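Undergrad: Position 172 of the sequence shown, counted from 1, bears residue number 172 in our numbering, the numbering being contiguous throughout.
Even glycine gets a Cβ: it sits at the ideal position worked out from N, Cα and C.
Since we're looking at a predicted model, the values are computed, not measured.
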Amino acid sequence: MKKTVPGGLLPQGKTVLRRLMALLSTVLTLSLPAACSGELSQASRELGLNLSAGQVVEHLDTHGGFHGDGRAYLELRFEGEAAEALAGAITGREGWEPLPLTANLSGAVDGCLTEDEAGKIPKISAIRNGFYCFLDRHRESTDEKDDSELFSRHSFNFSLAIYDLDENTLYYFTLDT
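(1) Do the region 131-148 and the region 51-67 make contact, defined as three or more Cβ pairs closer than 8 Å?
(2) Can you tell me whether ALA34 is buried or exposed? The criterion is at least 16 other CB atoms within 10 Å of its CB, across all chains shown.
(3) Look up ASP61 in the DSSP assignment and say whether it is helix, strand or coil.
(4) Given a threshold of 16 other Cβ atoms within 10 Å of its Cβ, counted over all protein chains shown, does ARG128 qualify as buried or as exposed?
(5) On a CA-only basis, which of PHE158, GLY48, ASN104, GLY88 is nearest LEU165? Give me that one, please.
(6) Mapping DSSP to helix, strand and coil, what is GLY92?
(7) Please state whether DSSP places ASN104 in a helix, a strand or coil.
(8) Buried or exposed: which applies to GLY111, given that a residue is buried once 16 or more other Cβ atoms fall within 10 Å of its Cβ?
(9) Can you tell which of ASN168, ALA161, LEU40 has its C-alpha closest to the C-alpha of GLU81?
(10) Is the beta carbon of GLY95 closer than 8 Å to that of CYS133?
(11) Nearest to GLU149 by alpha carbon, out of THR62, ILE90, LEU105?
(12) Ordered along the chain, which non-local residues of its own chain (more than five positions away) have a Cβ less than 7 Å from that of GLY130?
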């Protein structure tokens with residue numbers, strides 16, 4: 001005869017633990033694609049590009065703290081016609097500039113965005129052939145494309161996308177402090 005917890009509804013022991021682990025595993029498995037698709041949708045909207053053909057290589061998001069502060073990193077790889085279509089959509093598009101990054105944006109990538117305390121947001125390699133798009137979302141910003149005031153404020157709220165033409169990879173960062 002199986003023992004039950006008070007109330008007689010649930011069996012005790014290993015069976016409960018196995019069921020809880022299976023349930024937790026299922027919830028996590030189903031929620032990860034949803035989290036990635038949310039970030040992918042946000043990146044698509046913000047950049048004005050259809051990024052749905054990209055394969056998610058890596059996705060990290062530390063948002064959710066006080067006032068939604070955090071960092072997000074999304075790495076998407078494109079292949080074949082999808083890579084050609086994205087490169088064509090970016091080339092000459094308003095807001096996308098050819099690399100190299102400005103001094104401010106290089107400082108942001110090397111300092112603020114690419115490695116948090118736990119080292120969880122990976123560093124990107126030095127990309128030489130590609131384009132970038134900067135969006136300053138700070139409430140004091142007067143021009144969302146201008147990074148000249150980036151380090152003159154007490155907080156950061158911006159997005160930066162870098163497209164590597166050689167690797168057909170889009171790196172999308174957000175920082176909110």
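TA: Straight from the coordinates:
(1) no
(2) Residue placement at ALA34 cannot be trusted, given a pLDDT of 42 that sits under 50; what the coordinates show is reported in the next sentence. So ALA34 counts as exposed.
(3) strand
(4) exposed
(5) GLY88
(6) coil
(7) helix
(8) exposed
(9) ASN168
(10) yes
(11) LEU105
(12) LEU99, ILE162, TYR163, ASP164, LEU165
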